[in-house]
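Each remark here refers to the structure printed beneath this line.
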Amino acid sequence: MPIISSFFGIYVRMYFADHAPPHIHVEYQGHEAVIAIADGMLVQGDLPNRALVLVRQWCLDHRSELEQNWARAQALQPLSRIPGADND
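In terms of the working numbering, the sequence shown opens at residue 1 and continues consecutively.
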């Protein structure tokens, strides 16, 4: 599962041909979560509140890029890297 972004120790991944609804997988300091691309809401798992707020805002700021990557992942095409909240 490729890392599509990382910032402040947070790793954002996306699976190829994953199940709907469109989402990302997030890892931070031993915590794992699934976040919906559409609204940045927590679907599954847990993250510390500070990390969740950062990821949610990043997701909303990069929604279009995430949706494009989701379409690529469903078509088994290479994913694009998305700048992190720290402008990585």
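The C-beta atom is built at its ideal place from N, Cα and C for all residues, glycine as well.
Remember, it's a predicted structure, so these values are computed and weren't measured experimentally.
Residue i versus residue j - alpha carbon distance
i	j	result
A36	I24	7 Å
S64	E32	23 Å
F107	H62	Residue 107 lies beyond the residue range present for the chain, which begins at 1 and ends at 88; the question has no answer from this structure.
Q57	G40	7 Å
G84	Q77	21 Å
Q29	P48	9 Å
L54	A20	23 Å
Cut-off 8 Å between Cβ atoms - residues of its own chain near residue i, not counting five sequence neighbours on either side
i	result
R13	M1, P2, I3, I4, I24, H25, V26 and E27
N69	I4, M14, L79, S80 and I82
R72	P78, L79 and S80
Residues near residue i by beta carbon distance below 7 Å, same chain, minus five either side
i	result
V34	H23, H25, V43, Q44 and G45
D86	F7 and F8
D18	A73
Counterpart residues of residue i in DSSP-defined beta bridges
i	result
I3	R13
Under 9 Å between C-beta atoms of residue i and residue j
i	j	result
A51	I10	yes
Beta-carbon proximity list for residue i, same chain, < 6 Å, skipping 5 on both sides
i	result
L66	I37
Length-filtered (4 minimum) alpha helix (DSSP H) runs lying within the stretch 57 to 87: 63 to 74
So within the stretch 9 to 64, which uninterrupted beta strand (DSSP E) runs reach at least 3 residues, ignoring any that extend past its ends?
10 to 13, 23 to 28, 31 to 36 and 42 to 45
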